Amino acid sequence: MRAPVYPTTSEPHLTTAPPASVPSPCVSVCHMDAHSGWCEGCLRTIDEIAEWSVLDDRAKRAVWKLLPQRRLQFELSRRVLGAGEPGAEGG
Numbered sequence: 002m003r004a005p006v007y008p009t010t011s012e013p014h015l016t017t018a019p020p021a022s023v024p025s026p027c028v029s030v031c032h033m034d035a036h037s038g039w040c041e042g043c044l045r046t047i048d049e050i051a052e053w054s055v056l057d058d059r060a061k062r063a064v065w066k067l068l069p070q071r072r073l074q075f076e077l078s079r080r081v082l083g084a085g086e087p088g089a090e091g092g
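In this text, residue positions in the sequence shown follow our numbering: the first is 2, and each later residue adds one.
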């Protein structure tokens, strides 16, 4: 019978998961708003969406940092343009 083999410090631990990368803000509502140029679901530009898989985590966090302000701007422009929530009177 062979003796068990234990990982050394130079070997990767198989039970250790790689660090999680920054998740995509996609919410599966993929429709580009012509006025803002942002996706109506995640509020990214078409370039940010297309490049997401190759951006490093720092760049992804920079995009995430822009989204709250974009949400405010997007909601305001929808109200001004009369395109509020479905069923809402007057936008």
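From the three backbone atoms N, C-alpha and C, an ideal C-beta is built for every residue, glycine too.
Model, not experiment: these values are computed from the prediction.
Note to self: Classify Glu76: buried if its beta carbon has 16 or more other beta carbons within 10 angstroms, exposed otherwise.
What the structure shows: Classification for Glu76: exposed.
Item checked: Closest residue to Ala51 among Arg79, Pro69, Cys31 and Ala35 (Cα-Cα distance) -> Nearest C-alpha to Ala51: Cys31.
Check: CB Arg45 to CB Leu73, shorter than 9 angstroms?
Finding: Taking 9 angstroms as the cut-off, the Cβ atoms of Arg45 and Leu73 do not count as close.
Check: Which residues mark the beginning and the end of the alpha helix (DSSP H) in which Ala63 is found?
Finding: Looking at the DSSP string, the run of the alpha helix (DSSP H) that includes Ala63 is Asp58 to Val81.
Item checked: With 16 other Cβ atoms within 10 Å as the buried cut-off, status of Val64 -> With 16 or more Cβ atoms within 10 Å of its Cβ, Val64 is classed as buried.
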